[in-house]
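A.B. asks:
Number of protein chains: 2
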Amino acid sequence: MYKDVQFEKYMDTVYNRLTNGGLFLTVKGSRPNTMTIGWGGITHFWGRAIFIVPVRESRHTFGLMEDSREFTVSVPIRADVRDSLNFCGTHSGRDFDKFRELGLTAVPGRRIDTPIVGECELHFECGVVYKETMNPKNLIKKIDDKHYPDYHTMYYGEILDCYLRDPDAQ
Amino acid sequence: MYKDVQFEKYMDTVYNRLTNGGLFLTVKGSRPNTMTIGWGGITHFWGRAIFIVPVRESRHTFGLMEDSREFTVSVPIRADVRDSLNFCGTHSGRDFDKFRELGLTAVPGRRIDTPIVGECELHFECGVVYKETMNPKNLIKKIDDKHYPDYHTMYYGEILDCYLRDPDAQ
Numbered sequence: 001m002y003k004d005v006q007f008e009k010y011m012d013t014v015y016n017r018l019t020n021g022g023l024f025l026t027v028k029g030s031r032p033n034t035m036t037i038g039w040g041g042i043t044h045f046w047g048r049a050i051f052i053v054p055v056r057e058s059r060h061t062f063g064l065m066e067d068s069r070e071f072t073v074s075v076p077i078r079a080d081v082r083d084s085l086n087f088c089g090t091h092s093g094r095d096f097d098k099f100r101e102l103g104l105t106a107v108p109g110r111r112i113d114t115p116i117v118g119e120c121e122l123h124f125e126c127g128v129v130y131k132e133t134m135n136p137k138n139l140i141k142k143i144d145d146k147h148y149p150d151y152h153t154m155y156y157g158e159i160l161d162c163y164l165r166d167p168d169a170q
Numbered sequence: 171m172y173k174d175v176q177f178e179k180y181m182d183t184v185y186n187r188l189t190n191g192g193l194f195l196t197v198k199g200s201r202p203n204t205m206t207i208g209w210g211g212i213t214h215f216w217g218r219a220i221f222i223v224p225v226r227e228s229r230h231t232f233g234l235m236e237d238s239r240e241f242t243v244s245v246p247i248r249a250d251v252r253d254s255l256n257f258c259g260t261h262s263g264r265d266f267d268k269f270r271e272l273g274l275t276a277v278p279g280r281r282i283d284t285p286i287v288g289e290c291e292l293h294f295e296c297g298v299v300y301k302e303t304m305n306p307k308n309l310i311k312k313i314d315d316k317h318y319p320d321y322h323t324m325y326y327g328e329i330l331d332c333y334l335r336d337p338d339a340q
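From first to last, the protein sequence lines are chains A and B. This note's numbering numbers the first residue of the first sequence as 1 and each following residue consecutively. This note's numbering numbers the first residue of the second sequence as 171 and each following residue consecutively.
#1: Cβ of B/MET181 less than 8 Å from any chain A Cβ?
#2: Could you tell me which residues DSSP puts in a beta bridge with B/GLY297?
#3: Quick one: measure Cβ to Cβ for B/LEU193 and B/ILE207, integer angstroms, because I've assumed they're closer than 8 Å.
#4: For B/ARG280, collect the residues of the same chain with a Cβ closer than 6 Å to its Cβ; drop the 5 residues on either side in sequence, then sort them by chain order.
#5: Between B/GLU227, B/THR196, B/THR303, B/VAL245, which lies nearest to B/CYS290 when the distance is taken from Cα to Cα?
#6: How is the alpha helix (DSSP H) around A/ASP12 delimited, first residue to last?
#7: For B/ILE212, go through chain A and note every residue whose CB falls closer than 9 Å to its CB, in chain order.
#8: CB-CB under 8 Å to B/GLY259, same chain, minus the five flanking residues each way: which ones, in chain order?
#9: With DSSP run on the structure shown, which of helix, strand or coil describes A/LEU25?
#10: Out of curiosity, what's the CA-to-CA distance linking B/PHE232 and A/ASP97?
#11: Taking the beta carbon of A/ARG82 as the centre, do at least 16 other beta carbons fall within 10 Å, making it buried, or is it exposed?
#12: Look at the alpha carbon of A/SER92 and the alpha carbon of A/THR153, and state the distance between them as a whole number of angstroms.
#13: Just reading off the alpha helix (DSSP H) that A/ASN86 is part of, what are its end residues?
#14: Considering only their Cβ atoms, is the gap separating B/THR275 from B/GLY288 smaller than 8 Å?
#15: To the nearest angstrom, how far is it from the Cα of B/GLU295 to the Cα of B/VAL243?
#16: Cα separation between B/HIS317 and B/TYR333?
#17: Residues of the region 13-37 of chain A with a CB closer than 8 Å to any CB of chain B: list them in chain order, please.
#18: When you compare the CB of A/GLU57 with every CB in chain B, is at least one pair closer than 8 Å?
#19: Using a C-beta cutoff of 8 Å, does A/TYR163 count as contacting chain B?
#20: Given that A/VAL75 touches chain B, what residues does it touch there, using C-beta distances under 7 Å?
#21: Quick check on A/GLY47: does DSSP put it in helix, strand or coil?
#22: Cα-Cα, which of A/ARG56, A/PHE71, A/LEU85, A/ASP67 is closest to A/THR19?
#23: Who are the near neighbours of A/PRO167 in its chain, counting only those whose CB is closer than 8 Å to its CB and skipping five residues on each side?
#24: For B/LYS301, does the count of other Cβ atoms within 10 angstroms reach 16, so buried, or fall short, so exposed?
#25: Would you give the residue range spanned by the alpha helix (DSSP H) that B/ASP314 belongs to?
#26: The beta strand (DSSP E) spanning A/LYS98 covers which residue range?
#27: Using a beta-carbon distance below 8 Å, is B/TYR300 in contact with chain A?
#28: Give me, in chain order, the residues of the same chain whose beta-carbon lies closer than 8 Å to that of A/ASP150; leave out the 5 immediate sequence neighbours on both sides.
#29: What in chain B is Cβ-close to A/GLU171, meaning under 8 Å?
#30: Who are the neighbours of B/LEU309 on chain A, taking C-beta pairs under 8 Å?
#31: Does the CB of B/ASN305 have a neighbour CB from chain A at under 8 Å?
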């Protein structure tokens with residue numbers, strides 16, 4: 001049901017899904033919450049594989065991430081979860097239990113205490129080792145004008161586990 | 171001689187070379203300078219493809235980058251440039267004209283005014299749109315103890331051009 005994978009082989013898939021529909025970024029809390037991300041990526045720092053994910057300070061996820069210091073990223077490969085991604089990109093976890101609302105399955109993580117979105121095939125479990133709060137003065141004006149205020153914090157999550165899981169095996 | 175490529179198809183290659191021997195990070199100046207990077211990666215922010223490269227404040231490249239706000243990344247695919255990468259990872263451009271010292275070819279960029287390392291096959295031309303100066307208090311102690319002081323600045327370079335070039339066609 002689970003298959004360990006080398007994430008290097010899925011970097012193009014992750015980038016493709018990230019920029020076409022988005023990925024699920026999930027954090028734990030009094031109830032787990034997932035949001036849609038369309039920005040971020042897999043990098044390498046300090047001899048570690050690092051998944052960088054951006055979260056705006058206004059988001060419900062922001063407070064949860066500050067507390068939990070860990071997250072999962074779930075990537076749909078063949079799964080049709082476009083409607084759920086659209087919902088999670090436009091609704092706050094303050095107002096909805098998104099897993100319940102959308103009938104998504106919170107499957108327990110293998111290495112960390114944060115669930116994955118069971119409807120997806122590819123999953124990353126990450127522990128935050130660093131974060132950057134965006135500094136507006138270091139950003140070009142064109143981007144600043146278009147996308148801010150409400151700046152992002154870039155969370156650098158070390159990839160602790162990466163695997164495929166059959167979404168039909170709920 | 172030049173072939174435009176979609177960088178998405180080379181993300182695994184870039185990650186592999188980054189973490190095995192390194193890539194050339196080149197900046198312009200009174201003379202162009204190249205250094206070896208083993209950290210960084212291709213991400214997506216603000217609807218743009220972004221190559222993040224880290225540069226320590228002590229490096230000769232740091233001052234050049236602050237002035238030029240652009241850089242190239244040259245990736246060896248089949249080229250055997252291990253000795254040059256080793257040299258560029260351990261010697262400063264303050265003391266050496268590395269292109270001359272190593273017999274590397276500074277081929278003019280296509281979109282920006284910074285050269286590429288002609289001995290490599292795959293090239294990225296990037297314009298800096300954002301930078302982050304690392305904040306030690308947001309880093310876990312284990313990494314801080316092992317790799318710092320002399321913190322990195324993370325330069326976010328929008329990928330403006332990506333292409334293959336035959337290294338034999340000098």
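Even for Gly, the Cβ is constructed at its ideal location relative to N, Cα and C.
C.D. replies: Put simply:
#1: Taking the second sequence and counting its residues from 1, the one referred to as residue 181 of chain B is at position 11. With 8 Å as the cut-off, B/MET181 counts as an interface residue toward chain A.
#2: As a working note, residue 297 of chain B is residue 127 in the second sequence. According to DSSP, which records beta bridges pairwise, B/GLY297 is partnered with B/GLU240, B/GLU328.
#3: Residue mapping note: residue 193 of chain B aligns to position 23 of the second sequence, counting from 1. Residue mapping note: residue 207 of chain B aligns to position 37 of the second sequence, counting from 1. Correct: roughly 5 Å between the Cβ atoms.
#4: Stepping through the second sequence from its first residue, residue 280 of chain B is reached at position 110. Cβ within range, chain order: ASP331.
#5: As a working mapping, residue 290 of chain B is identified with position 120 in the second sequence. Selected option, being the one with the closest Cα: B/VAL245.
#6: In the first sequence, counting from the first residue as 1, residue 12 of chain A sits at position 12. Here the alpha helix (DSSP H) through A/ASP12 covers 11-19.
#7: Here residue 212 of chain B is taken as the residue at index 42 of the second sequence, counted from 1. Residues of chain A passing the Cβ test: MET11, TYR15, GLY41, ILE42, THR43.
#8: For the purposes of this step, residue 259 of chain B is taken as the residue at position 89 of the second sequence. Excluding positions up to five away in sequence, the list reads GLY192, MET205, THR206, GLY208.
#9: The residue labelled residue 25 of chain A in the question sits at position 25 within the first sequence. Looking at A/LEU25 - three-state DSSP - the assignment turns out to be strand.
#10: Position 62 of the second sequence, counting from 1, holds the residue named residue 232 of chain B. Position 97 of the first sequence, counting from 1, holds the residue named residue 97 of chain A. One C-alpha to the other measures close to 46 Å.
#11: What you label residue 82 of chain A is simply residue 82 of the first sequence in a count that begins at 1. With fewer than 16 other Cβ atoms from the protein chains shown falling within 10 Å of its own Cβ, A/ARG82 counts as exposed.
#12: Translated into the one-based positions of the first sequence, residue 92 of chain A becomes position 92. Translated into the one-based positions of the first sequence, residue 153 of chain A becomes position 153. Within the model, the alpha-carbon separation for A/SER92 versus A/THR153 is close to 17 Å.
#13: For the purposes of this step, residue 86 of chain A is taken as the residue at position 86 of the first sequence. A/ASN86 -> alpha helix (DSSP H) spans 82-88.
#14: Counting from one through the second sequence, the residue named residue 288 of chain B turns up at place 118. Counting from one through the second sequence, the residue named residue 275 of chain B turns up at place 105. In this structure, B/THR275 lies closer than 8 Å to B/GLY288 by Cβ.
#15: The count along the second sequence starts at 1 and reaches residue 295 of chain B at position 125. The count along the second sequence starts at 1 and reaches residue 243 of chain B at position 73. Between B/GLU295 and B/VAL243, the C-alpha separation is close to 7 Å.
#16: For this step, residue 317 of chain B is matched to residue 147 along the second sequence. For this step, residue 333 of chain B is matched to residue 163 along the second sequence. Cα-Cα distance, rounded: 33 Å.
#17: TYR15, ASN16, LEU18, THR19
#18: Translated into the one-based positions of the first sequence, residue 57 of chain A becomes position 57. Judged by the 8 Å Cβ criterion, A/GLU57 is not in contact with chain B.
#19: Here the question's residue 163 of chain A lines up with position 163 in the first sequence. It does not; no Cβ of chain B falls within 8 Å.
#20: If you number the first sequence from 1, residue 75 of chain A lands on position 75. Neighbours of A/VAL75 on chain B: none; closest Cβ ~14 Å, over 7 Å.
#21: Here residue 47 of chain A corresponds to residue number 47 of the first sequence, with the count starting at 1. Reduced to three states, the DSSP call for A/GLY47 is coil.
#22: Within the first sequence, the letter at position 19 stands for residue 19 of chain A. Comparing Cα positions, the closest option is A/LEU85.
#23: Position 167 of the first sequence holds residue 167 of chain A. Closer than 8 Å at Cβ, skipping near neighbours: ALA79, GLY118, GLU119, CYS120, GLU121.
#24: In the second sequence, residue 301 of chain B corresponds to position 131, counting from 1. B/LYS301 should be labelled buried.
#25: To locate residue 314 of chain B, count along the second sequence from 1; it is residue 144. Per DSSP, B/ASP314 belongs to the alpha helix (DSSP H) from 311-317.
#26: Here residue 98 of chain A corresponds to residue number 98 of the first sequence, with the count starting at 1. Where A/LYS98 is concerned, there is no enclosing beta strand (DSSP E), although the alpha helix (DSSP H) it sits in stretches over 98-102.
#27: As a first step, residue 300 of chain B must be located in the second sequence, where it is residue number 130. At least one chain A Cβ lies under 8 Å of B/TYR300.
#28: Along the first sequence, read from residue 1 onward, the residue named residue 150 of chain A stands at position 150. For A/ASP150, where only same-chain residues beyond five positions count, the Cβ hits under 8 Å are ARG56, GLU57, SER58.
#29: Any question about residue 171 of chain A goes unanswered here, given that chain A covers just 1 to 170.
#30: On the second sequence, position 139 is the one that residue 309 of chain B refers to. Residues of chain A passing the Cβ test: VAL129, TYR130.
#31: Taking the first residue of the second sequence as position 1, residue 305 of chain B is located at position 135. So, interface residue.
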